[in-house]
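Chains as they are written, first to last, in our numbering: chain A, 339 to 536; chain B, 640 to 1419.
Backbone N, C-alpha and C fix where the C-beta goes; we use that ideal spot for every residue, glycine too.
Small disclaimer: the values here were computed from a predicted structure and weren't measured.
Contents: one structure, followed by commentary.
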Amino acid sequence: MNTFIKKAHWLLMLTAFALIAVTGCEDNPADPGDDNEQELITSVTLNLTELDAAGNPTATTVSVNFKDPDGTGGVAPTIGSLTLKAGKNYKGTIALLDETKNPAESITAEVKAEAEAHQFFYTAKDGAVGRLAVTITDKDANNRPVGLEYTVAISAGANATGKLNVVLSHYDPASKKDGVTRSDESDIDIDFTVNIAN
Amino acid sequence: MSQVKFIFGVCCIMLAVLIGGAAAEQSDRKIRIYGSVFDKENKTPLLGANIFILELKRGNVTDEKGNFSIANLAAGRYTLVCRLLGYEEIRRAVVIAEMNIKQDFYLKANPIELGAVKVDAEKDQQNLTEASQSLEILTQAELQKHRGQTLGETLKEIPGVTVLQTGPAIAKPVIRGLHSQRILVLNAGVSQEGQQWGGEHAPEIDPFSPARIEVLKGAAGVQYGSGAIGGVIRIEPRALRALPGFGGELSLNAFSNNLQGAGSLLLEGGSAKLPGLGWRVQGSLRRAGDAKTPDYHVLNSGFDERDWSVATGYNTDRRGIELYYSHFGTKLGIFRGSHIGNVTDLLRAIEREQPSSISGFSYDINAPKQNIAHNLLSLKTRAELGNLGRLEMQYGWQKNHRQEFDAHAPFSSQPPAFPTFDLVLTTYTADVTFQHQPVKNFFGKVGVSGMRQGNVLETSRSLLIPNFRAYSGGVFAIESWVTGPWTLDFGGRYDYRWFKTFRRLDEKVVEQIHDYSNVTGVVGLIYQFAPQWSIGANLGSAWRPPSLNELYSDGVHHGTAQFESGDLNLRRERSFNIDLTLRQSSERSRAEISVYNNRMRGFIFLFPDPEPTLTVRGAFPTFRYQQAEARLRGFDGAVEYQLSDLLQLGAAVAVVRGDNLDTNEPLFQMPADRLRLSTHWHLPDWGRLANTFIELNGALVKRQTRFPQNADYAEPPPGYSLLDINFGTEFKFGGQPLRFNLSVQNVTNKTYRDYLSRFRYFTDDPGRNVVMRLQIPFGS
């Protein structure tokens, strides 16, 4: 028995050491795979159409862009600025794209499909406070605001420069309650520079 | 190519070890240990007590005068075990150098025989000369008080050990301010290789499995290799049964706070036909729902853990072989409110007194969540090579599978279909140690170890760490020289680590190689200046290569709302640790107090960059991994004093000061000063109840006032004090011995937040918790 154990003992250990040195790991780190399919928003565009005195759309449109083609980190994003006329009203939409996909994927459609779990917040900041007001015009199935469609009212007055802050709040299904409270999860949070001109 | 070199290197080192071992001189074996064993109460000699030397697995039995003698011993450090049915076991460490020594034992009668379960007698005989470094041991009796809790929670008992907590299920041990890659966890002798990048990654250890835990505080690089910068946690499962027969233990726990139920069943046996052949099977379950703070439930903080292990082995005087397999598996929920969007969201969450998402109690585990599995296989052999010494070899295989799920699929209210991270880390390790027979007054060992590791991202929707393959190898020698009251330890080690990472950048696979090597050393001195006193000084060093997340991180860390950026050019981190430890041990009292100064060269940490990272989700503060000169110093220790046979008082204190010496700023996330006071009443036996005790423990934690500016969103929370009560007793029910334990944690239901709780921004720590524990040892 003892000699058997003795032999088995050495044999087992030698086998174990041979294993560690010779066998490949059963997995293969050398192939990092290609399923880095993180969904991103790389482009946010506000499209505004000027309204006439009767509230009908005119041919004048303005738009502003946020672009971060490589996503978070890496090259810093480019953020455009917006020039709006004092005393005018605008009708607006927002478009979200994932341009890392080919063709670019519309995230707007996903937000629309999950409207009960999302809401945009448009807030005037700095010099735009008191001059720029956004009213959300679209509603989700629970009759709460969404913000894919909205109107912008610019009050008359001197030229000014400020910011329009756009936030997309993501809610757990039950927590979008009053259309006023933001969630603790912002999918978007961008400041666009706004110039108010006469 | 490098693989071939690696194997060649390992072979050369093994050969050198064998030749070196063979050259070791033969020493004379003339020394004898002798003495007598008495009953502690009436001082009568005891017949038939078993005295044996643990390391040599040989011994003798006392005669009718209580006398015993073990002859023909070589000089060495041994553990003497004195055992007799109906009495508490005594373990005592002895160093024999030149002369015969006398050892008397006074055994305390144990009214109930609890099978293989030992009463806490080991601590009484704490070894004054075991380590020049600060060392704490949690014995079976102490571990039993914490059964059902996480490993981190259990270790909090030790002065100088705190936990980095991420909800109730994730508790990471912090030794003297250091954690994660700076702490080495040895599970059944194998260095635990889990996914340690991240504060929310706890060690994958079944809290029911350890029979003994040793915590070595401070750098211990020589024996344990790179990584042991801050300390080593050695977890030993129950020893395999050597005697023929069958037995086991059933352990059941219930926790009121999160309605946690936990249980563990252990069965073990020893063969009568082939003495020395033993086996053990163990399985445990822990299931918990949402934890409760004094005011609300913490949404989605439950867990479901299922672990099991099997072991078998054959041990004789001359050789031994043991095979061990363990599986750890857990599913755990991450507090829903900790999943936030950006800094504005985080600041809003901090301002709120209570989390915005609160609901009733539930056992449900929803996203965000983690699924973790850790498998370990170990094969260990031991051969006594006569006059040469002892050769031990251990082979280990580990597979760690970690899946982390975000709160929901992107832009959707549905739970995610795929994990955000899905990583599989496979590790092979091999260790060979040769412990030579003492030569004159020198005791020591040499060893060689090798490791091979591969990490594969099954799916990754966010790049935290790349795929990699790593090899490392090390060789060490450590010697002790013992003469009279003096012990001198010294050792050295060389380590090499090579790894290659694989990333996909612009549709192409990019490979990158990193390699690091270094030497470490240790010198220690112990002086037993009085029979009950010793002082130890230890000068140790350890290093570690930068970890993958420190090199490659490039993204937003959820929950902390910071953009973390790795640096491919980080160099190794090295520590130089000085530790002075004063120990006292007598029949009535016990003390261990250490002061230390741990100087870190190239300390890797997250440094705030003034330029925020702009993203579509807003601006995130940028943190870059950088290196600086750092220093951690402080003191910790514990004192126990037995006022009378019935009352014992204790106090433990821990103070750590961490500083970045380059910027003259305190380090982030250092544990606050803490003091623990304890009283232990041993109640007289009453009716059927024996070994009954009541403990009243208070913990006082100061507010952390030392923290770096501009690196955190909220000020450290205020200090707090907690009160625990613990009651335990043993009785027989129909001839079956039982051990019962009732404890109340946070008796006053205090609302508090600990500085090291990663959820302190969002939620309070748990409130009152009533815990019941029942242990049923059975068998022969």
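query: Per-residue contacts from F404 (chain A) into chain B (C-beta, under 9 Å); result: V1255
query: Three or more C-beta pairs below 8 Å linking the stretch 1328-1338 of chain B and the stretch 1217-1234 of chain B; result: no
query: Below-8 Å beta-carbon distance, V382 (chain A) vs any chain B residue; result: yes
query: Residue-chain proximity (R1142 (chain B), chain A), Cβ-Cβ < 8 Å; result: yes
query: Opening and closing residue of the alpha helix (DSSP H) in which K450 (chain A) lies; result: 445-451
query: Residue range of the beta strand (DSSP E) that includes R1229 (chain B); result: 1228-1254
query: Contact list for L1209 (chain B) against chain A, beta-carbon separation under 7 Å; result: Neighbours of L1209 (chain B) on chain A: none; closest Cβ ~18 Å, over 7 Å.
query: Y1400 (chain B), buried or exposed, once every other Cβ within 10 Å from all chains shown has been counted against 16; result: buried
query: T683 (chain B) (DSSP reduced to helix, strand or coil); result: coil
query: Within chain B, partners of V449 (chain A) - CB distance below 8 Å; result: F1050
query: V1340 (chain B) versus S923 (chain B): straight-line alpha-carbon distance, rounded; result: 33 Å
query: Interface residues of chain A facing N981 (chain B) [CB-CB closer than 8 Å]; result: S524, D527
query: Closer than 8 Å to chain A by CB, R1108 (chain B); result: yes
query: Cβ-Cβ distance between I979 (chain B) and L985 (chain B) below 8 Å; result: yes
query: Cβ-based neighbour list, L782 (chain B), same chain, cut-off 8 Å, excluding 5 preceding and 5 following; result: T793, P849, A850, R851, I852
query: Partners in chain B for T473 (chain A), counting only beta-carbon separations shorter than 8 Å; result: Neighbours of T473 (chain A) on chain B: none; closest Cβ ~23 Å, over 8 Å.
query: E1118 (chain B): CB within 7 Å of a non-hydrogen atom of the ligand COA; result: In the structure on display, the ligand COA does not appear, and there are no ligands present to speak of.
query: H978 (chain B): contacting residues in chain A (beta-carbon distance under 7 Å); result: E523
query: Three-state secondary structure assigned by DSSP to S521 (chain A); result: coil
query: Member of B:L712, B:P914, B:G674, B:G864 whose CA lies at the smallest distance from the CA of M1090 (chain B); result: B:G864
query: Runs of beta strand (DSSP E) wholly within the stretch 1282-1359 of chain B (minimum 3 residues, chain order); result: 1286-1299, 1313-1322, 1329-1340
query: Whole runs of the beta strand (DSSP E) within the stretch 823-874 of chain B, excluding any shorter than 3 residues; result: 849-856
query: Beta-carbon neighbours of D510 (chain A), restricted to chain B and to distances below 9 Å; result: R975, S996, A1046, H1047, S1052
query: Beta-carbon separation (whole angstroms), F1202 (chain B) vs F1262 (chain B), contact threshold 8 Å; result: 7 Å
query: Inter-stretch contact at 8 Å, needing at least 3 Cβ pairs: the stretch 1120-1135 of chain B / the stretch 1161-1171 of chain B; result: yes
query: Status (buried if at least 16 other CB within 10 Å, exposed otherwise) for E1231 (chain B); result: buried
query: Within chain A, partners of R987 (chain B) - CB distance below 8 Å; result: R520, D522
query: Candidates B:F1107, B:S1173, B:S1119: closest to I1152 (chain B) by CA position; result: B:F1107
query: For Y1002 (chain B), three-class secondary structure by DSSP; result: coil
query: 3 or more residues per run - each beta strand (DSSP E) lying fully within the stretch 1167-1198 of chain B; result: 1172-1183, 1193-1196
query: Status (buried if at least 16 other CB within 10 Å, exposed otherwise) for M989 (chain B); result: As written in the sequence, residue 989 (chain B) is Ile, which differs from the Met given in the question. Its Cβ having fewer than 16 others within 10 Å, I989 (chain B) is exposed.
query: Three-way DSSP call (helix, strand, coil) for D1128 (chain B) in this model; result: strand
query: CB of G1179 (chain B) within 8 Å of CB of Y1191 (chain B), strictly; result: no
query: Neighbour flag for V700 (chain B) against chain A, beta carbons, 8 Å; result: no
query: Min CB distance T396 (chain A) to chain B below 8 Å; result: no
query: For G1028 (chain B) and H1075 (chain B), believed in contact at Cβ under 8 Å, the rounded distance; result: 4 Å
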